[in-house]
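**Q**
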Amino acid sequence: MTVFALGNAIGTPIVMIATAKMNQRKQLLMALIIILLGIASTLSLSGFFLLIASRVVLGLGTGIFVVTAYSLASKLASPGQQGSAMSNVAMGFSSSLVFGVPIAVSSQPPLIGRPYSGA
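With the numbering used here as the guide, the letters of the sequence shown map in order to residues 72 to 190.
1) At 3 residues or longer, what runs of the beta strand (DSSP E) sit wholly inside the segment 86-122?
2) Under the three-state reduction of DSSP, which class applies to residue 84: helix, strand or coil?
3) Just the C-alpha distance for residue 137 and residue 164, rounded to the nearest angstrom, thanks.
4) Out of 162, 135, 128 and 81, which one is the CA nearest neighbour of residue 100?
5) Kindly confirm or deny that the segment 125-132 and the segment 107-114 touch, where touching means at least three C-beta pairs closer than 8 Å.
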């Protein structure tokens, strides 16, 4: 299990319970801000342990965003279409990983990220 997955699996339920009364639009904005902080820290901080910490932050932000997006999709869909709306969220998240990871890996210079990836 990766630290991204650990941040997602452990941190997301805690934050979702803490922000249960918050407006879902604000939850989505909070998730995007957390994701942006994770991206900025990944780009700007040096060192392996800071990279690990930024991956935990990214996992937390992603988890909050996905859970809130599922909830909003089911609420905004017309009756009988909730499952279809939620499957669209799942398809969007999955396809972003399927297409985004190879694009990011192929577009990076040969030396960036290699010390941490084991390659």
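Idealized CB from N, CA, C, for every residue including glycine.
**A** Once the coordinates are examined:
1) With a minimum length of 3 residues, no continuous beta strand (DSSP E) run stays inside the segment 86-122.
2) Translated into positions along the sequence shown, residue 84 becomes position 13. Helix at residue 84.
3) By one-based count along the sequence shown, residue 137 stands at place 66. By one-based count along the sequence shown, residue 164 stands at place 93. Each residue's alpha carbon lies about 8 Å from the other.
4) Indexing the sequence shown from 1 puts residue 100 at position 29. The option with the nearest alpha carbon to residue 100 is 135.
5) A contact exists between the segment 125-132 and the segment 107-114.
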